[in-house]
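Undergrad: Take a look at the following structure, please.
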Amino acid sequence: MGDEPLLSVRDLRTYFRTDAGTIRAVDGVSFDVRRGETVCVVGESGSGKTVASESITRLIPMPPGEIVGGEVVFDGVDLLSLSDRELREYRGGRIGHVFQNPQGALHPMHTVGRQIVEAIRLHRDAGKREARERAIDLLDRVGIPDAAARFDDYPHEFSGGMKQRVVIAVALACDPDLLIADEPTTALDVTIQAQILRLLCDLQEEFGMSVLLITHDLGVVAEIADRVVVMYAGKVMERGTVYEVLENPSHPYTLALLDCLPGRGGAMRPLGGALPDPRDPPSGCRFHPRCPHAVDECGAGDQPAMGTAGSPGHEVSCVYYHDGYDESAIRERRAADSNEGVGRADGGDGR
Amino acid sequence: MTGRPDEPPAADRSGEPLLRVRGLKKHYPITEGVLRREVGRVRAVDGISFDVYPGETFGIVGESGCGKSTAATTLLRLEEPTDGEVLFDGADVSAASKAELKRFRRRAQMIFQDPTSSFDPRMSVGESVAEPLRIHGMRDRDRRRRIAQDLLERVGLSADDVDRYPHEFSGGQKQRIGLARALVLNPDLIVADEPVSALDVSIQAEILALMRRLQEEFDLAVVFISHNLSVVREVCDRVAVMYLGEIVEVGPTERLFADPQHPYTRALLSSIPTPDPRERGRGIELTGDVPSPSDPPSGCRFHTRCPEIVQPDGYEFEQVHWRRVMDLRAKLDRGEVGRESALDLAAAQSTATAGATDGARATGTPPDEARAAIRRAFDLPEALTDERAEAVLSEALGLVVDGDSDRAAALLAKEFSTPCERRRPRAAAVDDGWSATCHLLDGSRRSEGVEPLPGRED
Amino acid sequence: MATDAKPSDDASFERVDWDALESEFGGLSRRQTAFLGAMAAFALGVAADVAVGGPLPLLGDPAPLDWLFRLTLLLGTFYVVLPLYDDPRMTRHYWRQFKRNTAAVISLGYLAVVFAVGTVGPTFLPRPELDLLARRQPPVFTSVAADVPTTCAGEVVNGMCHGTWQYPLGTNAQGHDMLHLLVFGMEVSMQVGLIATAIIVVVGTAVGTSAALFGGLVDEVSMRFVDLLLTVPTFFLFILIVYLYGGSLFLMILVFGLLSWGGVARLVRSEALQRSEEEYIRAAENAGASKAWILRRHVIPNVSNTVITAATLTIPFLILAEAGLSFLGLGDPTTFSWGQTIADGRGELAGAWWISTVPGVFLFFTVLAFNFLGDALRDALDPRSEV
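Chains as they are written, first to last, in this note's numbering: chain P, 2 to 352; chain Z, 4 to 461; chain Y, 197 to 583.
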């Protein structure tokens, strides 16, 4: 574990300049992706997780988007310092991208085979025949039955799950070292979701790549992640291994997120309030206006520095993990709340 | 929502059901040409039956394309049913006159999935909420406005919001407004079609809690349609699982979730990802996609994907291998496996293993290799454990490689025939108010030719 | 009855007595009453005009064209101005969106002046008369060789005739005051643009929305009719009519209005088809709304931005078409159309340059302004734009 991570994001800040003010979508986010591991960035919509993932290869629209600070080091190279042209070598080459909606990611008027072949030939000096063979091989490996025959089919001839497999095949076209998958299963049914997640796991092993998976679904995280980054309002709240974060959730936001999950026998507790205005985020911890455990210090200064919870790699951005506070207070209060049954039943998601 | 999971739902069923659906069908014709000749039909909903009692929450779950949304719009008669009855409070909605239908509309309301598209962008939310009042003849504009203000407050917004427009609200707030609009006519039944699917989990929980509160306050019956089993488990008293236009299992939510009887319910439940990393990889994986509802499989519609498909008489397979043999059979029937594709496969596999760029096809693939390639493609072992079954399979594969896929398909169909594809299973009662439609339960493996009964036993 | 209850009580939805409301008389809203009243008054006026056949008290002697223009203004008042007035919040919102586009705001101001002057001006100004003594007077602040005008109305200095304030924009070869011609031309342009567009919008929207909403046979028949309509060569048909009946602005407007709605109908249909997929239509249906209600309350308001944009872009086309036909001498000889004035001046460009130029400039800016307006409206009326 001591070796250099494949991708290292440090203090990344991506802002969007609009008429109504500057939206701080990503505001100082750091995380690492090591070789061969799967990291999940989890958060609600508006948490900045997608912008963070798209900032890595600068896929965000600029303007209005702007990466105002931080660094993204991929295999020793700071991607933010590269020119657009140099960066293009990485996009679709060493870094593959899978988007949420497979419908939009495929050109409706080209055959899927052609789209994979194009992806291959964009980054590799491959002959037509060679590229075609590789494309069929890829389709086969992502689990498209009868790949050779389906090479000449158009995207609309595939079902949603099959389309997502094709999109993954396109992303894998150049043997990427890192696959960024943004909500790859959100548009799919649970049974298909399970197939795609298993496929991602298998492919990761087969290709020996790293996967950065963006999701809002803690169930998906539990299914696939090695390590987890929990984001809220453009900041990282908690990070650690999947076991640390899901079995010993430590930030009040992670706890609240787990408490909102339905289907655990009536223990569901809504999280009141709404996401802060990204143009004018609260001072101190971004979560403190909604946090049931907030103390005075939470509202002051900047986002609290990372403290450790339990094991050394398990970091939490919360004052309770600083000296002078006792983090067990969080757990005790939460346990007391859940004894009251359905606590804050209907919080009102304000504005 | 009214009863806690541990209570038997039967306790809620005092007397008559509010809504009684019997054999409801909705088919969409597929037409061709200028004359719109019907060349087939999409059987979106194909004979479903269930009851909803006053004050209870009845869930309908299934994957996309299973017909659950069509079931909702058809039972509200937003679309004309092809066949079947919908009895609301004893009166047949599907045969209602215009005036009766309008009265029914007052008592049965709907909440929609997409909070953005369910409001007219050119109407203030006050107007949207009060529109049903206007439609049903309330002429007093000021009174409509007061009612809308009152309702907005009751769903957790402010009375000042009446003059604002939909785009000024977040998704969760819009769903609250949707609830207000559904309540404004003081209905007895609300059909909620994926009401929280478009929302973040933290907002979902709030909306579900609000729904539960309002349901208790106004004693509403709710038909809750969702693909999300966790949400259904959270809110529903009873649940029906739909697959390809049919209800495969219906029963009290907690018991059904704890001990699912139908293989499809089992697979569906096991594929819900739980936030427990130690449970990973435990799911039952379903192979393949949902078949098209325009050409549903014969017999039990789930037999093409069912991991527990009944084995043919006289053979003893490993269950997984039996499933894969059936997958092969289905492909053969559809003409997707033949000599050509087998040779292609063999060539591709030999390239992959030997690294040779020149396809083995040029030199000629030995038939053995092609047969083995098909086995590998379908994850079949080199030999099945049952010798007689193995003999049939090798013969069929031989026929495929010789280019006679039709005969291979016929051979497999004759030898490996399962009751799941021959006969429609009938609903078998598991317990009071709990039934599943599967050959493993109905005992009809011995008694042929029984038509399915309505989904629920009364 | 429910309305007798205390205000605090009747604000609650559970207390609505539906049976009482159901039996209540289905009256009309204030706006509907006003609209029906206005339409009745209009019909009465037309009937009186037809019956009397001569000048009427208060109304004078309006031509059929004037009646049509009044009807157009009436429709505009009830379907554009009043809704905006009724809903100041949304109006302010549209205005905020609209005023981002400076060119469009200037255009709107310019068109408002042209509209006001063109509508009101001709009733106060005398019709331009032949005045042989005042031919080819130059505009004020300019001068021409003294032999261009018949007799120079202003000073003649060094053999140059200077323009005077008597004829600020000069006169044409018949001695018509250019300013008066301009004002009368505005009336013609506004009538052509607005009346024909109103016909196009009303017919196109009605056909397009009903085709979308009712579908089936209605859709099939009306859209095939539109196909047919789009093959009719309006221009040649109009020339034929001119040869048969002589040039008439009334006929021109009718021909263009009644034969050009096909495009709008198609546009509206496809837009309405998209809209009718939306869940709010379902919601209204589920609340018990009739097809007519859905059409009026939901479909038409939501296709209105398409319609309004299409309309603002049709107006300049029609104005140009009228000017072009008049220029070719196919217009109405009894009107003072800009196209006609430009045509009259084309032989005199060397001497009296202003005769063609002045109406030409106004034509140019009017067409341009409508185009700017259309663009800005499309952006401003998009309901997705943020407040």
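Every residue gets a Cβ at the ideal spot worked out from N, C-alpha and C, and that includes glycine.
1) Do three or more CB pairs link the stretch 360 to 371 of chain Y to the stretch 339 to 352 of chain Y at distances below 8 Å?
2) Give me the residue from Z/288, Z/439, Z/298, Z/422 with the minimum Cα distance to residue 315 of chain Z.
3) In the DSSP assignment, the alpha helix (DSSP H) including residue 378 of chain Z goes from what residue to what residue?
4) What residues are listed by DSSP as bridge partners for residue 181 of chain P?
5) Measuring only the C-alpha atoms, how far is residue 144 of chain Z from residue 129 of chain Z?
6) To the nearest whole angstrom, what separates the beta carbons of residue 49 of chain P and residue 21 of chain P, a pair I think is in contact under 8 Å?
7) By DSSP, does residue 420 of chain Z sit in helix, in strand, or in coil?
8) Answer with yes or no whether the minimum CB distance from residue 457 of chain Z to chain Y is below 8 Å.
9) Tell me which same chain residues have a C-beta within less than 7 Å of the C-beta of residue 565 of chain Y, skipping the five on either side of it?
10) Going straight from the alpha carbon of residue 160 of chain Z to that of residue 176 of chain Z, what length do you get?
11) Could you tell me which chain P residues have their CB closer than 7 Å to the CB of residue 283 of chain Z, listed as they occur along the chain?
12) Which residues, in order along the stretch 227 to 247 of chain Z, keep a beta-carbon less than 9 Å from a beta-carbon of chain P?
13) Can you check DSSP and say which residues form a bridge with residue 437 of chain Z?
14) Identify, in the order they occur along the chain, each residue of the same chain with its Cβ nearer than 8 Å to the Cβ of residue 82 of chain Z, setting aside the five sequence neighbours on each side.
15) Can we say the stretch 108 to 115 of chain P touches the stretch 142 to 162 of chain P, given the rule of at least three CB pairs closer than 8 Å?
16) Relative to chain P, which residues along the stretch 193 to 215 of chain Z have a C-beta separation below 7 Å, given in chain order?
17) Quick one: what's got a C-beta closer than 7 Å to residue 92 of chain Z's C-beta in the same chain, skipping five residues either side?
18) For residue 350 of chain P, count neighbouring Cβ atoms within 10 angstroms of its own Cβ and tell me buried if that reaches 16, exposed if not.
19) Would you call the CB atoms of residue 430 of chain Z and residue 420 of chain Z closer than 8 Å?
20) Measure the beta-carbon distance from residue 263 of chain P to residue 237 of chain Z and round it to whole angstroms, keeping in mind my assumption that it falls under 8 Å.
21) How would you list, in chain order, the residues of chain Y whose beta-carbon sits under 9 Å from the beta-carbon of residue 108 of chain Z?
22) Tell me which residues share the same chain as residue 179 of chain P and place their Cβ nearer than 8 Å to its Cβ, disregarding the 5 neighbours each side in the sequence.
23) Determine the direct distance from the alpha carbon of residue 299 of chain P to that of residue 306 of chain P, and round the result to whole angstroms.
24) With 8 Å as the threshold, decide whether the Cβ of residue 199 of chain P is near any Cβ in chain Z.
25) Using a Cβ-Cβ distance cut-off of 8 Å, determine whether residue 163 of chain P contacts chain Z.
26) Tell me the DSSP secondary structure of residue 112 of chain Z in three-state form.
27) Would you say residue 30 of chain P and residue 164 of chain P are within 8 Å of each other, going by their C-beta atoms?
28) Quick one, which residues of the stretch 106 to 117 of chain P are near chain Z if we go by CB-CB under 8 Å, in chain order?
29) Looking only at its own chain, which residues have a Cβ that is under 7 Å from the Cβ of residue 267 of chain Y, when we skip the five neighbours before and after it?
30) Which residues share a DSSP beta bridge with residue 244 of chain P?
31) What are the residues in the stretch 134 to 162 of chain Z lying within 7 Å of chain P by C-beta distance?
32) Does DSSP classify residue 56 of chain Z as helix, strand or coil?
33) On the premise that residue 285 of chain Z lies in contact with residue 273 of chain Z, defined as a C-beta separation below 8 Å, what is that separation, rounded to the nearest angstrom?
34) Using Cβ-Cβ distances below 8 Å, what residues of the stretch 176 to 198 of chain P are close to chain Z?
35) Go ahead and pull the three-state DSSP assignment for residue 31 of chain Z.
36) CB-CB under 6 Å to residue 317 of chain P, same chain, minus the five flanking residues each way: which ones, in chain order?
TA: This is what the structure holds:
1) yes
2) Z/422
3) 370 to 380
4) P/98, P/213
5) 11 Å
6) That pair is no contact at about 18 Å.
7) coil
8) Since pLDDT at residue 457 of chain Z reaches only 42, below the 50 mark, its modelled position is unreliable, and the value read off the structure follows with that caveat. By this cut-off, residue 457 of chain Z is not an interface position.
9) 303, 306, 307
10) 8 Å
11) 223, 224
12) 230, 231, 232, 233, 234, 235, 236, 237, 238
13) Z/434
14) 29, 73, 76
15) yes
16) 203, 204, 205, 206, 207, 208, 209, 211, 212, 213
17) 21
18) Model confidence at residue 350 of chain P stands at a pLDDT of 42, short of 50, so the residue's coordinates are unreliable; what they give is reported in the following sentence. Classification for residue 350 of chain P: buried.
19) no
20) 4 Å
21) 481, 482, 483, 484, 485
22) 7, 8, 34, 75, 95, 96, 97, 210, 211, 212, 213
23) 11 Å
24) yes
25) yes
26) strand
27) no
28) none
29) 238
30) DSSP lists no partner for residue 244 of chain P.
31) 159
32) coil
33) 7 Å
34) 190, 191, 192, 193, 194, 195, 196, 198
35) strand
36) 239, 251, 252, 308, 310
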